[in-house]
Amino acid sequence: QQPVQSPQAVILREGEDAVINCSSSKALYSVHWYRQKHGEAPVFLMILLKGGEQKGHEKISASFNEKKQQSSLYLTASQLSYSGTYFCGTAYNNNDMRFGAGTRLTVKP
Amino acid sequence: DGGITQSPKYLFRKEGQNVTLSCEQNLNHDAMYWYRQDPGQGLRLIYYSQIVNDFQKGDIAEGYSVSREKKESFPLTVTSAQKNPTAFYLCASSIGVGNEQFFGPGTRLTVL
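So the sequences go chain by chain: X and P.
Residue numbering for the first sequence is 422 to 530, as defined by the numbering used here.
Residue numbering for the second sequence is 4 to 115, as defined by the numbering used here.
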């Protein structure tokens, strides 16, 4: 039931873009995205519900492709503060969610 | 200030001892969760509770137990049956299951 995230890690220079993918083998009800900085608790970024909507949060946005059972997180013009580990959480109904293994993002000056 | 607290931040125990991790929230959330985090393995669900006096096993419940006697509290006991208890434990809460989760600062448990 755990979603699969890719890539496992990515290194960027400031100003570059990145895409993080989250895939499921089952039909999705919703997808959550969180970011965790080293030594801190995960922080909520956004929720996407089935319907293929796209959401945005500053320069971070996400899409949800219901047919492909996949969500993608887009980070544009990355900043140093974007560094951290990004987790997607997938739910197959409104009662159950599981997190992926995470994608470690490092933004360098 | 509303939030979710975990105590202690660091905990050391001898092998074979049970230990209880505290999790308290004053957000008036119905749902609460316990996750275990190991390097490279993300967040794995141990137990969750949708409402007082009710809880469900997650993917790695063996060797753990919980109680939910009060809405604001969801303590986790790591028993001696847990074969590899050393890990970082995170507690979270949400208005309801499926909503945005708010995480506590975590407890790092080391079993010697």
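Glycine included, each C-beta is placed from N, C-alpha and C at the ideal position.
| Asked | Found |
| --- | --- |
| Please state whether DSSP places SER499(X) in a helix, a strand or coil. | coil |
| Run down chain P in chain order and give the residues with a C-beta less than 7 Å from the C-beta of ILE432(X). | The premise fails here: ILE432(X) is roughly 17 Å from chain P at the closest Cβ pair, so nothing lies under 7 Å. |
| Measuring only between beta-carbons, confirm whether ASN72(P) sits less than 8 Å from chain X. | In the sequence under discussion, the amino acid at residue 72(P) is Glu, which differs from the Asn named in the question. Output row for GLU72(P): interface = no. |
| Find the residues of chain X that neighbour GLU103(P), judging by a C-beta separation of less than 8 Å, and give them in chain order. | HIS453, PHE465 and ILE468 |
| With a CB to CB cut of under 7 Å and the five nearest residues on each side skipped, what residues in its chain are close to GLU103(P)? | SER97 |
| Excluding sequence positions up to five away, which residues of its chain have a Cβ less than 6 Å from the Cβ of TYR513(X)? | LYS447 and TYR450 |
| TYR439(X) CB to nearest chain P CB: under 8 Å? | Position check: residue 439(X) holds Ala in this sequence, whereas Tyr was assumed. No, because no Cβ of chain P sits closer than 8 Å to the Cβ of ALA439(X). |
| Indicate the three-state DSSP secondary structure (helix, strand or coil) for PHE77(P) in the structure shown. | coil |
| Starting from TYR36(P) and walking both ways along the beta strand (DSSP E), at which residues does that stretch end? | 34-40 |
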